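Structure record follows, encoded as structure tokens.
There are 2 protein chains.
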Amino acid sequence: MSDQAPSIADAQFEGTGYSYTMSLIRGKYKMAILYCLMEFQPVRFNEMRRYLGRITDKTLSANLKELEADGLIARQEYPQIPPKVEYSLTELGESLMEVLDQLCTWGETHMSGSVVAP
Amino acid sequence: MSDQAPSIADAQFEGTGYSYTMSLIRGKYKMAILYCLMEFQPVRFNEMRRYLGRITDKTLSANLKELEADGLIARQEYPQIPPKVEYSLTELGESLMEVLDQLCTWGETHMSGSVVAP
DNA sequence: CGGCATCCGTGACGATACTG
DNA sequence: CAGTATCGTCACGGATGCCG
């Protein structure tokens, strides 16, 4: 039931797919990490840190854990010296990137107000 | 430097369309505001505040100003007593919503599998 | 190399009161 | 009704140091 036109009076943002998706990619670096993986996976910890610019170990580490917990990325650890860990996108992560990639396209199209020369 | 495949060594996230798009919708409520407008525009200030749940006047006001400055939403003020202001999406805002709407769809599809019990 | 522990700064956001 | 002003809080992220 209740399949009538939604009214703003009782509508809610919480609980929408929107809200859920945003919770996954919130944060200064979440999307950058995913973007990095999409283009260069598998990627090692320090590779990614360099790519992201000024991110700190702590922040990167925390973000990677969250993304892993959310099922978007996979962590592959090689028990050796020196340690080696590679990150990559899961199937879920890849499916999300297909959508997020369009955000990139949109941004490139519309940031023209401030075209940044290469 | 030829036009070979990009290497992670000198790639950068800053400056991508991605980065630009995210800068527009960052924040706890930015997307919720846009989403609200997409479904119910034009929307008045207090209507939106109720829709967004626990947002304060200050935060809502600040976010609306930013979105307006970014050209995503339009503000229509009616000089009368009591005051009346309506917000709606600009063409640019609408074009962004077409993309963001897919985030919603993705979220609805994938949040069912990993519902986190409260 | 790939982390974790700790301390700390900042800015987004909340609560409340007030104004045109 | 549609904000503005002021204050307080807290998560996010930065800097540094240590460890397997």
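Chains as they are written, first to last, in the numbering used here: chain A, 1 to 118; chain B, 1 to 118. No residue lacks a Cβ here, since even glycine has one placed at the ideal position from N, Cα and C. None of these values were measured; they are calculated from a predicted model.
| query | Where residue 67 of chain B and residue 111 of chain A are concerned, what is the direct C-alpha to C-alpha distance, given to the nearest angstrom? | reply | Here residue 67 of chain B is taken as the residue at index 67 of the second sequence, counted from 1. Here residue 111 of chain A is taken as the residue at index 111 of the first sequence, counted from 1. Straight-line spacing of the CA atoms in residue 67 of chain B and residue 111 of chain A works out to 14 Å.
| request: Within 10 angstroms of the Cβ of residue 109 of chain B, are there 16 or more other Cβ atoms? Answer buried if so, exposed if not. | output: Locating residue 109 of chain B in the second sequence gives position 109, counting from the first residue. Answer is exposed; the Cβ neighbour count stays below 16.
| Distance between residue 100 of chain B and residue 75 of chain B (C-alpha atoms, nearest Å) | Position 75 of the second sequence, counted from the start, is the residue given in the question as residue 75 of chain B. Position 100 of the second sequence, counted from the start, is the residue given in the question as residue 100 of chain B. Going by C-alpha positions, residue 75 of chain B is about 21 Å away from residue 100 of chain B.
| field | residue 72 of chain A vs residue 52 of chain A beta-carbon contact at 8 Å | value | Here residue 72 of chain A corresponds to residue number 72 of the first sequence, with the count starting at 1. Here residue 52 of chain A corresponds to residue number 52 of the first sequence, with the count starting at 1. Taking C-beta atoms as the reference points, residue 72 of chain A and residue 52 of chain A fail to come closer than 8 Å.
| message | Please report whether the beta-carbon of residue 16 of chain B lies at a distance below 8 Å from any beta-carbon of chain A. | response | As a working note, residue 16 of chain B is residue 16 in the second sequence. For residue 16 of chain B, at least one C-beta of chain A is nearer than 8 Å to its own C-beta.
| query | Alpha carbon to alpha carbon, what distance is there between residue 31 of chain A and residue 25 of chain A? | reply | Position 25 of the first sequence, counted from the start, is the residue given in the question as residue 25 of chain A. Position 31 of the first sequence, counted from the start, is the residue given in the question as residue 31 of chain A. Just so you know, the alpha carbons of residue 25 of chain A and residue 31 of chain A end up roughly 6 Å apart.
| request: Just tell me which of B/21, B/65, B/34, B/82 has its CA closest to the CA of residue 105 of chain A. | output: Numbered from 1 along the first sequence, position 105 holds the residue referred to as residue 105 of chain A. Measuring from the Cα of residue 105 of chain A, the nearest candidate turns out to be B/21.
| request: Tell me, please, whether the CB atom of residue 13 of chain B is closer than 8 Å to any CB atom in chain A? | output: Position 13 of the second sequence holds residue 13 of chain B. For residue 13 of chain B, the closest Cβ of chain A is nearer than 8 Å.
| request: Check whether the Cβ atoms of residue 85 of chain A and residue 45 of chain A sit closer than 8 Å, and answer yes or no. | output: In the first sequence, counting from the first residue as 1, residue 85 of chain A sits at position 85. In the first sequence, counting from the first residue as 1, residue 45 of chain A sits at position 45. Yes. Within cutoff.
| Minimum Cβ-Cβ distance from residue 42 of chain B to chain A less than 8 Å | Position 42 of the second sequence, counting from 1, holds the residue named residue 42 of chain B. Residue 42 of chain B is outside the set of residues whose beta carbon lies under 8 Å from a beta carbon in chain A.
| message | According to DSSP, is residue 44 of chain B part of a helix, a strand, or is it coil? | response | Within the second sequence, the letter at position 44 stands for residue 44 of chain B. Looking at residue 44 of chain B - three-state DSSP - the assignment turns out to be strand.
| query | With distances taken from CA atoms, which of A/29, A/77, A/19, A/15 is nearest residue 54 of chain A? | reply | If you number the first sequence from 1, residue 54 of chain A lands on position 54. Taking only the C-alpha atoms, the option nearest residue 54 of chain A is A/29.
| request: Compare the C-alpha of residue 88 of chain B against each of B/64, B/98, B/15 and name the closest. | output: Walking along the second sequence from the start, residue 88 of chain B turns up at place 88. That would be B/64, whose Cα lies nearest to the Cα of residue 88 of chain B.
| request: In angstroms with no decimal places, state the Cα-to-Cα distance between residue 69 of chain A and residue 18 of chain B. | output: Taking the first residue of the first sequence as position 1, residue 69 of chain A is located at position 69. Taking the first residue of the second sequence as position 1, residue 18 of chain B is located at position 18. If I take the Cα positions, the gap works out to 23 Å.
| task | Note down the Cα distance separating residue 77 of chain B from residue 95 of chain B, rounded to an integer number of angstroms. | result | Counting from 1 along the second sequence, the entry for residue 77 of chain B is found at position 77. Counting from 1 along the second sequence, the entry for residue 95 of chain B is found at position 95. Those two C-alpha atoms are separated by around 23 Å.
| message | Contact criterion: CB-CB distance below 8 Å. Does residue 73 of chain B meet it with respect to chain A? | response | To locate residue 73 of chain B, count along the second sequence from 1; it is residue 73. It does not; no Cβ of chain A falls within 8 Å.
| field | Beta-carbon proximity check, residue 49 of chain A vs residue 60 of chain A, cutoff 8 Å | value | The sequence position of residue 49 of chain A within the first sequence is 49, counting from 1. The sequence position of residue 60 of chain A within the first sequence is 60, counting from 1. A distance below 8 Å separates the beta carbons of residue 49 of chain A and residue 60 of chain A.
| query | Among the residues of its own chain, which have a CB less than 8 Å from the CB of residue 90 of chain A, if the five just before and after it don't count? | reply | Working through the first sequence from its first residue, we reach residue 90 of chain A at position 90. Here the set comprises 71, 72, 73, 74.
| task | Check whether the Cβ atoms of residue 12 of chain A and residue 102 of chain B sit closer than 8 Å, and answer yes or no. | result | As a position in the first sequence, residue 12 of chain A is number 12, starting the count at 1. As a position in the second sequence, residue 102 of chain B is number 102, starting the count at 1. Their beta carbons are not under 8 Å apart, which means residue 12 of chain A does not touch residue 102 of chain B by this criterion.
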